[in-house]
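Trainee: Attaching a single structure in C-alpha cells format; questions to follow.
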Amino acid sequence: MTGTLTHYALAAGLLALTATSPALAQSKVKTSAGKQKVATSPTGGSGLSRADLDTSVPPCENFYQYANGGWLKKNPIPAAETSWGTGAELAQRNRALVHRILDNAAANHSAHPGSNLQKVGDFYGSAMDTAAIEAAGLQYLQPHLARIAAVQDLAGMQRLLADPKTHVGNSWYGYGVGPDAKQSDVYAVYAEQNGLTLPDRDYYLKDDPRSKAIRAAYQAYLVNTFKLLGDSPATAAQNAATVQRLETRLAQASRTAVALRDPQKNYNKLTVAQAHQDYPNLNLPLVLQQNGLGAAQTIVVGQPEFFKEVNAMLGTEPLADQKTYLRWHLVTRATPALPQAFGAEAFRFAQTLTGARQQEPRWRRSLAATDASLGEAFGQLYVDEAFSPAAKVRAKQLVENLRQAYAERIRATDWMSPETKAQALKKLTAIAVKIGYPDQWKDYSTLNISRESYLNNLFAASEFSDKDNYRHFGKPIDRTEWGMTPPTVNAYYNPLYNEIVFPAGILQPPFFDPRADDAVNYGATAVVIGHEITHGFDDQGRQYDAQGNLHDWWTKEDNEKFNAKAAVVGKQYDAFTPLDSVHINGKLTMGENLADIGGLTIAYQAFQKTQQAKEGKLIDGFTPNQRFFLAFALRFRRNQRAEDIRKQIQTDPHSPSQYRVLGALMNMPEFYEAFGCKDGNKMVRSAADRSRIW
Ligand SMILES: [Zn+2]
C-alpha cells in the first residue's frame, strides 16, 4: 500500500489495502482474511505466562526470542495458515463468534425480506451452498463473458469498461471518490495504477530464480483456468501468455511500492477535459458519467505515465488480447463463486506464492467474503457480544492518556523549533478518535441479496460498494465512515481525516484486557494507540496538516532534522536480514518503523504515570517496566513460512514481526535499563546509532 491508511498488520494477510491513494484506500478498504471476534479471554488475569519465555536466550541479546521462544516452539503453523501468532489467535477467536452469527442467520429462512438479517443469511448461505454452485457451473458468469466477447471495436470497449454492471471497469486502473488531499473539505475523483494479478510490479520484472518460479506457477494457473473456461490446451496456453504479456507491460509502467509512498508526487490534478485529451482511449468522461460522477470537473491522477501507457495499450493492443485480459480479470473476481475446480487452481498458485499447505475451509472464505461485503450489517450483533460499553470507556481513556503523553514529548523535544512544535501540537489536539464500531451504521437498503446465486450476490455487493463510494461526490465530507469492520483485528490512521480508528476486534485480550494489570495493557494496547498517532507524524503522515490537507507545516530546518533522524532508522532496518540475503527495505517500511518506535516511546511515557509504575511492585518476578516490554513483545510473536516472509518483505510496509520488536527496542534506552543491558549486548545501540524523534 502506498499513501493509504496506515494500519497495524498483526496477522499475515490480515489486510490488503488495494488502492494506492489515501482517498481510494478510505473508500475501498478490503480485508483479505476474515473478521473475527470472541468474548472469552485467552490469557489469565495476569496476561503474561512464564512458560512462553525462552530464558536460555538473554533478554539483551534477542528480546523477541527471550519473550516468545517458549511459545514459538509450542505453536507450529497450522496447515491452512501462512503464519501463526498472537494476531492470528485473536482473529481465530473473533471468527468463532462471527461464524456462529452467520450460521444462525443462514439457518433463518423467515427473516424479514430486505432486512440486514435476510441479506447476511442469504449471502453467507449462498456462499456455503457448494451443491448449487457446482450445479450452476458457469451459468451466472456466462452473461458477463458474453458482453466481453461481443465487443467489436474501441468504442465498444470503452462502453464495456464504463459500465458498472460489467465488473471489469477497474481492470486496467482503479478509480474512486475520497476527500481531496489538498482541499480536505470537498471530495475528489481519484484514478490510480492497477491491473496486476501478482502482488507487485517486481514479480513480473525481476529475474532471480524465486521470481521466475512464481511466474512459472502463475503461467500454469492461467493455463488451467482458461481450460476450465472451455479453451483448448493450445488456446489456453496462448491466452495465458497474452495475460502475462499485458500485465508485464503494465508492471513496467507502474511505480514501485517505495515511489508510491510520496503523496505529493502521486497527486496530479487535471481537468477532466485535459485528462481526456491526454488519455483519449480511456474515454474518462464516459466512465465518470456512467458512474454518477458526470459533474466532476477535475480528476486526481496518481501516476500520469502509467495512464499514458494504458492509453497506448487500449489503442494498439489487438482487441482479442484486450478481451482475453478482461476475461481473466473477470474470472479471478468470480472465483469464490465458481465451481471448486477454479478455487483449486487459485490455491495451487497460492501455495507457491505464500507457502500455504492447505486451503482455508470454505466457511472461512465465505465468512471473510460476507464480512467484506456486509460487515456493518451484522457488526452490531458482533459488538453486542464482544465489546462492552465499559470497554469502550476504558479504551477512550487510554487514548486520552496517550494524547497527553504525546503532547509532553513534543514539547520536550530538543530538536524542533517552537513554530513547528506549535503546529504539531495543533495537529495532535485535532486527531479524531473512533473506537469499537461506527456511531452510524452503513445503510444497505439498496443492495439486493438472495439465495439464488452466490455469484450474483458477490457482484451485487461489489457494485453496491462502488456506488456507495461514488455517491459522496459533491456532498459534504462524511467523517462518520469506517474503513474497517468491527470484528477486524487491526487499527488505522487516516491522514485525510486526521483520525485514529480502533475496531472492537483488536480491543480484545491479549491486546486489551480489562482484567490485566496496567503494564500489560500499556505494553499492548497503548503501544498500538501510540503507533497510530505516530502515523500522523511519520514520513508520510507529517505531510498532512491538522485538517487532513497535504500541506507542509514544517520549517526547512526541522524538516532536515526529521529526515536525518529518519535516515538513521532506515539504515537500521536495511541491515536486518530475516532470510539469507533478503534484507528489509528501510524505505518501504519507514512509516511503520517510525510508528513502532514512536508508539512504544509514547506508551512507555504514559505508563510511567500509572500507580503500578510508580509503586514498582514485582509480579511473577518482573518489575512493572519489564512487564510492559514483555507485553509489547508478546503481541508480535509469530511463526511464519519463509515464502510468506519473502512476500511480506517485497510488498508489505510492515517489517517482519521479530524486527518490529528488535528495531523498536534497540532505540529505547529505557528498555536497556529495565533489563540491565550493557554496551556490547546485541540489543544495545550507541547514542549515535539510535534514533529518537519523539
Ligand atoms: Zn502502522
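Residue numbers for the sequence shown follow my numbering, so the first one is 1364 and each next one is one higher. No residue lacks a Cβ here, since even glycine has one placed at the ideal position from N, Cα and C.
1. Is glutamine 1615 buried or exposed, if buried means 16 or more other CB atoms sit within 10 Å of its CB?
2. Quick check: the Cα distance between leucine 1416 and aspartate 1806, rounded to an integer number of angstroms?
3. Can you tell me where the alpha helix (DSSP H) holding aspartate 1937 begins and where it ends?
4. Just to confirm before moving on: does the CB-CB distance between serine 1446 and aspartate 2007 stay below 8 Å?
5. Assuming alanine 2078 and leucine 1765 form a contact by the criterion Cβ under 8 Å, report the distance between their Cβ atoms to the nearest whole angstrom.
6. In the DSSP output, what is glutamine 2003 paired with across the bridge?
7. Might you give, ordered along the chain, the residues of its own chain that have their beta carbon closer than 6 Å to the beta carbon of valine 1746, omitting 5 neighbours on each side?
8. What number of angstroms, rounded off, separates the C-alpha of isoleucine 1960 from the C-alpha of leucine 1480?
9. Can you tell me where the alpha helix (DSSP H) holding phenylalanine 2034 begins and where it ends?
10. Between isoleucine 1662 and the rest of its own chain, which residues show a CB-CB distance below 7 Å, the 5 nearest in sequence each way excluded?
11. In this structure, how does DSSP classify isoleucine 1982 when only helix, strand and coil are distinguished?
12. How far does the beta strand (DSSP E) with isoleucine 1798 in it reach, from first residue to last?
13. Does DSSP put phenylalanine 1836 in a helix, in a strand, or in coil?
14. Is alanine 1958 near ligand 1, going by C-beta to nearest heavy atom under 7 Å?
15. Only counting the same chain, and skipping five residues up and downstream in sequence, which positions put a Cβ closer than 8 Å to that of valine 2024?
16. Helix, strand or coil for glutamate 1723? Go by DSSP, reduced to three states.
17. Using 8 Å as the Cβ pair cut-off and three pairs as the minimum, do the stretch 1831-1851 and the stretch 1946-1960 touch?
18. Give me whichever residues DSSP pairs with glycine 1539 in a beta bridge.
19. So, for leucine 1368: in the same chain, excluding its five sequence neighbours on each side, which residues have a beta-carbon less than 6 Å away from its beta-carbon?
20. Does the stretch 1711-1726 come into contact with the stretch 1828-1836, if we say contact requires no fewer than three beta-carbon pairs (one atom in each stretch) closer than 8 Å?
21. Flag histidine 1898 as yes when its Cβ comes closer than 7 Å to any non-hydrogen atom of ligand 1, and as no otherwise.
22. Determine the DSSP secondary structure at isoleucine 1812, reduced to helix, strand or coil.
23. Have a look at the DSSP bridge pairing and note the partners of phenylalanine 1991.
24. Helix or strand or just coil, what does DSSP make of tyrosine 1855?
25. Can you tell me whether proline 1873 is buried or exposed? The criterion is at least 16 other CB atoms within 10 Å of its CB, across all chains shown.
26. Can you give me the Cβ contacts of glycine 1655 inside the same chain, cut-off strictly under 6 Å, excluding the 5 residues immediately before and after it?
27. Is glutamate 1862 near ligand 1, in the sense that its beta carbon is under 7 Å from a heavy atom of that ligand?
28. Among Glu1815, Asp1880, Asn1853 and Ala1470, which has the Cα closest to the Cα of alanine 1498?
29. Determine the direct distance from the alpha carbon of alanine 1454 to that of isoleucine 2012, and round the result to whole angstroms.
30. What do you reckon, are the CB atoms on serine 2018 and isoleucine 1947 nearer than 8 Å?
31. Ligand 1 and histidine 2072: does the residue's C-beta get closer than 7 Å to at least one heavy atom of that ligand?
32. Judging by CA-CA distance, which residue of Asn1467, Gln1640, Asn2002 and Gln1721 is the nearest neighbour of tyrosine 1487?
33. Starting from proline 1596 and walking both ways along the alpha helix (DSSP H), at which residues does that stretch end?
34. Taking 7 Å as the limit between beta carbons, can you name the residues of its chain near asparagine 2044, skipping five residues before and five after?
35. Given a threshold of 16 other Cβ atoms within 10 Å of its Cβ, counted over all protein chains shown, does serine 1534 qualify as buried or as exposed?
36. Which of helix, strand or coil does DSSP assign to glutamate 1739?
Mentor: Answer, in terms of the structure:
1. Glutamine 1615 sits exposed, since fewer than 16 C-beta atoms from the chains shown fall within 10 Å of its C-beta.
2. Rounded to whole angstroms, leucine 1416 to aspartate 1806 spans 47 Å at the Cα level.
3. Judged by DSSP secondary structure, aspartate 1937 falls within the alpha helix (DSSP H) whose first and last residues are 1919-1937.
4. With respect to the 8 Å criterion, serine 1446 and aspartate 2007 are classified as neighbours on the basis of their beta carbons.
5. The displayed coordinates of the chain run from 1364 to 2057. Any statement about residue 2078 would go beyond what the structure contains.
6. Answer is Ser1446.
7. Cβ neighbours of valine 1746 beyond the five flanking positions: Tyr1800, Pro1849 and Ala1867.
8. If you take the alpha carbons of isoleucine 1960 and leucine 1480, they lie about 43 Å apart.
9. Start and end: 2032-2038.
10. The residues are Val1552, Ala1554, Leu1633, Val1635, Ala1638 and Leu1647.
11. Per DSSP, reduced to three states, the secondary structure at isoleucine 1982 is strand.
12. Isoleucine 1798 -> beta strand (DSSP E) spans 1795-1799.
13. Note: phenylalanine 1836 maps to coil in three-state DSSP.
14. Yes, the Cβ of alanine 1958 comes within 7 Å of a heavy atom of ligand 1.
15. Phe1426, Tyr1427, Ala1430, Phe1995, Ala1996 and Phe1999, listed in sequence order.
16. Correct three-state label for glutamate 1723: coil.
17. No: the two stretches stay apart, fewer than three of their Cβ pairs being nearer than 8 Å.
18. Note: glycine 1539 sits in a beta bridge opposite Tyr1553.
19. Unreliable positioning characterises leucine 1368 in this predicted model, as indicated by a pLDDT of 48, which lies under 50. The coordinate reading is nonetheless provided below. Short of 6 Å from the beta carbon of leucine 1368, and not among the five residues preceding or following it, lie these beta carbons of its own chain, in chain order: Ala1388, Gly1846, Tyr1855 and Asn1857.
20. Inter-segment contact for the stretch 1711-1726 and the stretch 1828-1836 is absent: fewer than three beta-carbon pairs are separated by less than 8 Å.
21. Remark: the shortest separation between the CB of histidine 1898 and any heavy atom of ligand 1 falls under 7 Å.
22. Three-state result, isoleucine 1812: coil.
23. Answer is none; phenylalanine 1991 lacks a bridge partner.
24. Tyrosine 1855: strand per DSSP, three-state reduction.
25. Buried is the call here.
26. For glycine 1655, where only same-chain residues beyond five positions count, the Cβ hits under 6 Å are Tyr1833.
27. No, ligand 1 has no heavy atom inside 7 Å of this Cβ.
28. Looking from the CA of alanine 1498, the closest CA among Glu1815, Asp1880, Asn1853 and Ala1470 belongs to Glu1815.
29. Rounded to the nearest angstrom, the two C-alpha atoms are 22 Å apart.
30. Contact flag set, yes.
31. There is no way to answer for residue 2072, as the model of the chain reaches only from 1364 to 2057.
32. Among Asn1467, Gln1640, Asn2002 and Gln1721, the Cα nearest to that of tyrosine 1487 is on Asn1467.
33. For proline 1596, the enclosing alpha helix (DSSP H) stretches over residues 1596-1616.
34. Taken in chain order, the residues that qualify are Cys1423 and Glu1424.
35. Counting Cβ neighbours within 10 Å, serine 1534 comes out buried, since at least 16 surround it.
36. Glutamate 1739: helix per DSSP, three-state reduction.
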